[in-house]
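Heads up: the sequence shown is residues 4 to 280, going by the numbering used here. All C-beta atoms, glycine included, are put in the ideal place defined by N, C-alpha and C.
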Amino acid sequence: MDTTIIPSLRAQDYLSDVKPIWCPGCGHFAVLSALAKTFAFLALPKEDVVIVSGIGCSSRLPAYIDGYGFHGLHGRALPLASGLKAARPELTVIVAGGDGDGFSIGGNHFLHACRRNMDLTYIVMDNEVYGMTKGQASPTTPPDWTRSKLTPHGTGLRRFQPPAIALAAGASFIARGFAGDPKGLTQLMTAAIRHRGFAFLQVLSPCRTFRPEQQAWKAQVHPCLLEPTHDAAHAAALIQRDDGMATGVLYAEDLPVFSPRRPAEVGLDTIEAELAA
Ligand code: SF4
Ligand code: MG
4 MDTTIIPSLR AQDYLSDVKP IWCPGCGHFA VLSALAKTFA FLALPKEDVV
54 IVSGIGCSSR LPAYIDGYGF HGLHGRALPL ASGLKAARPE LTVIVAGGDG
104 DGFSIGGNHF LHACRRNMDL TYIVMDNEVY GMTKGQASPT TPPDWTRSKL
154 TPHGTGLRRF QPPAIALAAG ASFIARGFAG DPKGLTQLMT AAIRHRGFAF
204 LQVLSPCRTF RPEQQAWKAQ VHPCLLEPTH DAAHAAALIQ RDDGMATGVL
254 YAEDLPVFSP RRPAEVGLDT IEAELAA
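Written as structure tokens, this is what we have:
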């Protein structure tokens, strides 16, 4: 019998030696800290966790975690993570990124990841702007935001509604957190990782540099008044009335999880037999 005692890890043990290059005051610092705390709380072995990201300020996150990570292509974090989960279903796979990466170029992948309902946790650090490319409007930017030289009169476009779209597309867990509420964020991350299926966590994470007015979010966020619902119609009504600042679990349901056969289980013999049948 193996009697080796594995000491439990502290939150800081999950952080790498790479110093984040985010701007001072960026909300992503709090997201990184909450994620490390969540891993420690869940006592996840480092070798069993992988963080997958796309491109953007928030997508730098895998470098700051002491563990396995994949910094992929712009908007392609979800297909990468889906492939990884298909090949290694025993791993805890976390996908991290921003609103531009996830809802614009990656928008199609977002829809299909929701409906596929693989056992993934998708954390979107939403600051309603493209931060890394110096402040252009993203899909969640308000229509009257005029500070970008590319849209000096605002976009005039309705905003992408991430929770509503996730619900319509089939996500089985939908929550919203705030970077300024680290304790609540850790609780939501814990619930999202424990949920079996595609867990979508939108984190309001202010961009200090290009959206300084988001400092006002601290006074605007409020807890979701209702208990998490398992009823999609109820969740739809809740989300339609939502002002975009309600935090908590908006929807959680036990839905069939897509878990394809591992590539190693599908040998040529199997494929030939299936084609011949
Ligand atoms: Fe954070 Fe904005 Fe700076 Fe990017 S540009 S690191 S999102 S504050
Ligand atoms: Mg952004």
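8 Å contact criterion, which residue i and residue j should meet: CB distance rounded
i, j, result
"R119", "T143", "Not confirmed; about 23 Å, so no contact."
"L191", "A239", "Not really, about 20 Å apart at Cβ, beyond 8 Å."
"E256", "A235", "7 Å"
Residue i versus residue j: straight-line alpha-carbon distance, rounded
i, j, result
"A46", "Y17", "10 Å"
"S85", "N130", "25 Å"
"A99", "M128", "8 Å"
"D184", "Q223", "12 Å"
"W25", "G105", "19 Å"
"I108", "A80", "11 Å"
"R13", "F44", "8 Å"
"A172", "C117", "6 Å"
"P27", "Q164", "28 Å"
"H156", "R214", "16 Å"
"S61", "Y67", "11 Å"
"A37", "Q205", "14 Å"
"E230", "T250", "11 Å"
"H112", "L87", "15 Å"
"A89", "R264", "7 Å"
"P48", "A280", "43 Å"
"G110", "G59", "15 Å"
"S175", "R63", "27 Å"
"P23", "S141", "23 Å"
"R211", "S262", "40 Å"
"G187", "D272", "50 Å"
"P146", "C29", "23 Å"
Simplified DSSP state of residue i, which is helix, strand or coil
i, result
"R179", "strand"
"L38", "helix"
"T124", "strand"
"S141", "coil"
"F261", "coil"
"T3", "Outside the displayed range of the chain (4 to 280) lies residue 3, so it cannot be described from this structure."
"V31", "The sequence shown places His at residue 31, not Val. Three-state result, H31: helix."
"T212", "coil"
"D234", "coil"
"T95", "strand"
"T250", "strand"
"G109", "coil"
"L271", "helix"
"S19", "coil"
"D129", "strand"
"I68", "strand"
"Q218", "helix"
"A255", "strand"
"A282", "Residue 282 lies beyond the stretch modelled for the chain, which goes from 4 to 280, so this question has no answer here."
"A116", "helix"
"S56", "strand"
"Q223", "helix"
Pair within 8 Å by beta-carbon distance, residue i and residue j
i, j, result
"F32", "Y125", "no"
"P226", "Q217", "no"
"T244", "L207", "Per the sequence shown, the amino acid found at residue 244 is Arg instead of Thr. Their beta carbons are not under 8 Å apart, which means R244 does not touch L207 by this criterion."
"Y71", "G103", "no"
"L258", "I242", "no"
"T41", "I196", "yes"
"D123", "F201", "The amino acid occupying residue 123 in the given sequence is Leu; Asp does not appear at that position. Their beta carbons are under 8 Å apart, which means L123 touches F201 by this criterion."
"L35", "G57", "no"
"S151", "G159", "no"
"F181", "W148", "no"
"H74", "P82", "no"
"V260", "M135", "no"
8 Å Cβ cutoff, residue i in contact with chain C
i, result
"P155", "This model lacks chain C altogether, as it is built from one protein chain only."
Residue i beta carbon near ligand 4 (any heavy atom closer than 7 Å)
i, result
"V206", "Ligands in the displayed structure: ligand 1 and ligand 2; ligand 4 is not one of them."
Problem - Inter-stretch contact (C-beta, 8 Å, three-pair minimum) for the stretch 51 to 58 and the stretch 88 to 99 - result: Yes, they touch.
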